[in-house]
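K.L.:
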Amino acid sequence: WVKEHEPELYAKIHKFMLPGDYIAYKLTAQMNTTKNGLSEGILWDYKTNTIAQWLLDYYGIDSRLVPEIVANFTSQGTVTKAAASQTGLPQGIPITYRAGDQPNNALSLNILRNGEVAATGGTSGVIYAVTNNTSSKEATRINNFAHVNYNVRMPSIGKLLCINGAGIMYRWLRNQCGDDSYESMNRKAARVDIGSEGLSSIPFGNGAERMLDNKNIGTQFCNINLNKHSKGHLYRAALEGIAFSFVYGMEILKNDNAVINVIRAGNDNLFRSEIFSNTLATLIGHEIEIYNTTGAVGAARAAGLLDGDFDKFGKNINDNDHVMTFVPLENKVPYLEAYQTWKNELEILLKNKL
1 WVKEHEPELY
11 AKIHKFMLPG
21 DYIAYKLTAQ
31 MNTTKNGLSE
41 GILWDYKTNT
51 IAQWLLDYYG
61 IDSRLVPEIV
71 ANFTSQGTVT
81 KAAASQTGLP
91 QGIPITYRAG
101 DQPNNALSLN
111 ILRNGEVAAT
121 GGTSGVIYAV
131 TNNTSSKEAT
141 RINNFAHVNY
151 NVRMPSIGKL
161 LCINGAGIMY
171 RWLRNQCGDD
181 SYESMNRKAA
191 RVDIGSEGLS
201 SIPFGNGAER
211 MLDNKNIGTQ
221 FCNINLNKHS
231 KGHLYRAALE
241 GIAFSFVYGM
251 EILKNDNAVI
261 NVIRAGNDNL
271 FRSEIFSNTL
281 ATLIGHEIEI
291 YNTTGAVGAA
301 RAAGLLDGDF
311 DKFGKNINDN
321 DHVMTFVPLE
331 NKVPYLEAYQ
341 TWKNELEILL
351 KNKL
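Residue numbers (this note's numbering): 1 to 354.
(1) Report all residues from its chain with a CB closer than 8 Å to the CB of I80; omit the five preceding and five following residues, and keep chain order.
(2) If we call anything under 7 Å between Cβ atoms a contact, is W44 one with A146?
(3) Answer yes if the stretch 287 to 306 comes into contact with the stretch 337 to 344, meaning at least three C-beta pairs across the two stretches below 8 Å, and no otherwise.
(4) Tell me, which residues are paired with D45 by DSSP?
(5) Quick one: Cα of R361 to Cα of P67, how far?
(6) Can you grab the Cα-Cα spacing for the pair T293 / S39, in whole Å?
(7) Would T74 be called buried (16 or more neighbouring beta carbons within 10 Å of its own) or exposed?
(8) In the DSSP output, what is K159 paired with across the bridge?
(9) How far does the alpha helix (DSSP H) with A299 in it reach, from first residue to last?
(10) Using CA atoms only, rank isn't needed, just tell me which of A302, E197, R171 is closest to N186.
(11) For the alpha helix (DSSP H) that contains V333, what are its first and last residues?
(12) Determine the contact status of G122 and N269, defining contact as a CB-CB distance below 7 Å.
(13) What did DSSP end up calling V2 once you bin it into helix, strand or coil?
(14) Compare the beta carbon distance of T279 and P328 with 7 Å and say whether it is the shorter of the two.
(15) If the criterion is Cβ atoms closer than 7 Å, does the pair I348 and G249 meet it?
(16) Can the beta-carbon of F276 be found less than 7 Å from the beta-carbon of A243?
(17) Per DSSP, what are the beta-bridge partners of M324 in this structure?
(18) Since I194 contacts Y335 with CB under 8 Å, what's their CB separation in whole angstroms?
(19) Would you say the stretch 88 to 108 touches the stretch 132 to 139, given that touching needs at least three Cβ pairs under 8 Å?
(20) DSSP on T219, reduced to helix/strand/coil?
(21) Please report the distance separating the alpha-carbon of A189 from that of G241.
(22) Please report the straight-line C-alpha distance between L350 and Q102, rounded to a whole angstrom.
(23) In the stretch 168 to 244, which residue ranges form an unbroken alpha helix (DSSP H) of at least 4 residues, counting only runs that do not cross its ends?
(24) Does DSSP classify N269 as helix, strand or coil?
(25) Assuming G295 contacts N105 (C-beta within less than 8 Å), just tell me the rounded distance between them.
(26) Determine the burial state of H14: buried for a count of at least 16 other Cβ atoms within 10 Å of its Cβ, exposed for fewer.
(27) How far does the alpha helix (DSSP H) with T34 in it extend, from its first residue to its last?
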């Protein structure tokens with residue numbers, strides 16, 4: 001974009017950097033990047049284990065603009081005297097780790113092995129599944145990142161699927177319906193049967209959805225019955241609809257060679273809702289482990305992973321941060337029926353959307 005629209009600025013470029021690369025540069029006065037970061041920009045070729053030169057050539061970008069590549073969990077530079085005086089950090093301490101938000105969130109939840117999945121249920125939803133399979137059929141709906149523990153001998157790929165319309169829908173309902181807390185909404189939703197008595201919610205009102213091939217179908221409430229449906233029904237249908245969208249996304253991941261053995265999430269946002277978490281766990285048939293941690297805590301811990309002992313790192317998280325586990329419920333029939341109804345409504349909308 002810069003090359004096409006601001007050629008005079010492009011002509012001045014010495015190196016291009018990701019935000020984390022730039023922060024590291026300001027701290028160390030060294031310009032470098034990682035294959036993990038480059039992979040997030042589709043700039044890493046897994047087959048050749050080099051920069052995706054073919055992509056740079058296609059856009060006419062000089063490969064000399066790519067900074068030196070360094071590895072995570074090694075010394076990538078040390079804090080300079082100038083940076084120390086500005087930040088209060090000790091001069092000479094090494095920078096050993098950097099990552100994007102989702103790979104780092106996965107690390108924080110001990111998502112490092114094939115079949116482990118990190119889930120985020122904030123304004124948007126994210127499913128980040130780690131696999132050791134380097135083949136993919138999906139060119140647009142899924143991103144494939146070199147995960148933080150990636151190496152050529154044992155590739156660890158993070159397959160990322162984003163759902164724009166997730167927690168934003170529940171927040172919208174809260175704002176419009178006048179409930180003062182999510183706890184109150186959850187209590188009202190809990191008084192409604194599984195399936196919300198036929199009411200379905202399609203939660204995709206936060207812009208185009210990549211997992212729907214960039215279609216923008218908006219948020220929909222389907223089959224409202226004015227004689228029996230209440231705010232509690234709206235709340236439960238919203239939670240179920242968001243959970244169903246996660247299940248739908250996981251079906252896409254599974255069809256693209258991802259294995260799902262366990263899901264882990266932070267103890268916040270949608271995963272505080274038993275309706276949401278139980279619905280998701282029951283439909284996918286796997287446990288959802290909840291952890292009291294954050295990306296900031298995970299990144300701080302990662303700075304000490306110089307020995308490469310990921311087993312010890314993961315055990316520390318399991319021993320200290322695990323809060324609870326949602327187990328799939330035995331009777332999944334009503335959940336399956338509600339999901340199929342929801343999926344039928346979604347497919348009708350997709351078929352009619354140009």
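Using N, Cα and C, we set each Cβ at its ideal position, and we do this for glycine too.
Bear in mind that the values here come from a model prediction, so they are computed numbers and not experimental data.
P.N.:
From the atom records:
(1) Counting from one through the sequence shown, the residue named residue 80 turns up at place 80. The amino acid at residue 80 is misidentified as Ile; the sequence shows Thr. Within the same chain, T80 has close Cβ partners L27, T28, A29, Q91.
(2) Reading the sequence shown from its first residue, position 44 is the one you call residue 44. Reading the sequence shown from its first residue, position 146 is the one you call residue 146. Contact: yes.
(3) no
(4) Locating residue 45 in the sequence shown gives position 45, counting from the first residue. Paired residue(s): T50.
(5) A question about residue 361 goes unanswered here, because the residues of the chain that appear run from 1 up to 354.
(6) Here the question's residue 293 lines up with position 293 in the sequence shown. Here the question's residue 39 lines up with position 39 in the sequence shown. Answer to the nearest angstrom: the Cα atoms are 26 Å apart.
(7) The sequence position of residue 74 within the sequence shown is 74, counting from 1. So T74 counts as exposed.
(8) Looking up residue 159 in the sequence shown gives position 159. Bridge partners of K159: A129, N144.
(9) As a first step, residue 299 must be located in the sequence shown, where it is residue number 299. Counting along the chain, the alpha helix (DSSP H) containing A299 begins and ends at 295 to 302.
(10) For the purposes of this step, residue 186 is identified with residue 186 of the sequence shown, where counting begins at 1. If we check each option's Cα against that of N186, R171 comes out closest.
(11) Taking the sequence shown and counting its residues from 1, one reaches residue 333 at position 333. Start and end: 333 to 352.
(12) Translated into the one-based positions of the sequence shown, residue 122 becomes position 122. Translated into the one-based positions of the sequence shown, residue 269 becomes position 269. Against a cut-off of 7 Å, the Cβ pair of N269 and G122 comes out as a contact.
(13) Mapped onto the sequence shown, residue 2 falls at position 2. V2: helix per DSSP, three-state reduction.
(14) Here residue 279 is taken as the residue at index 279 of the sequence shown, counted from 1. Here residue 328 is taken as the residue at index 328 of the sequence shown, counted from 1. No.
(15) Position 348 of the sequence shown holds residue 348. Position 249 of the sequence shown holds residue 249. Against a cut-off of 7 Å, the Cβ pair of G249 and I348 comes out as no contact.
(16) Taking the first residue of the sequence shown as 1, we reach residue 276 at position 276. Taking the first residue of the sequence shown as 1, we reach residue 243 at position 243. Yes; because the gap between Cβ atoms is below 7 Å, this pair is in contact.
(17) Taking the sequence shown and counting its residues from 1, one reaches residue 324 at position 324. Paired residue(s): I290.
(18) Your numbering for residue 194 matches position 194 in the sequence shown. Your numbering for residue 335 matches position 335 in the sequence shown. Between Y335 and I194 the Cβ distance is about 6 Å, and since that is below 8 Å, they are a contact.
(19) no
(20) For this step, residue 219 is matched to residue 219 along the sequence shown. Looking at T219 - three-state DSSP - the assignment turns out to be strand.
(21) Here the question's residue 189 lines up with position 189 in the sequence shown. Here the question's residue 241 lines up with position 241 in the sequence shown. Answer to the nearest angstrom: the Cα atoms are 13 Å apart.
(22) Numbered from 1 along the sequence shown, position 350 holds the residue referred to as residue 350. Numbered from 1 along the sequence shown, position 102 holds the residue referred to as residue 102. If you take the alpha carbons of L350 and Q102, they lie about 28 Å apart.
(23) 182 to 190
(24) Within the sequence shown, numbered from 1, the residue matching residue 269 stands at position 269. Note: N269 maps to helix in three-state DSSP.
(25) The residue given as residue 295 occupies position 295 in the sequence shown. The residue given as residue 105 occupies position 105 in the sequence shown. Yes, they are in contact, since the Cβ atoms of G295 and N105 sit about 5 Å apart, within 8 Å.
(26) The residue you call residue 14 lines up with position 14 of the sequence shown. With fewer than 16 other Cβ atoms within 10 Å, it is exposed.
(27) For the purposes of this step, residue 34 is taken as the residue at position 34 of the sequence shown. Counting along the chain, T34 falls outside any alpha helix (DSSP H), and DSSP gives it neither H nor E.
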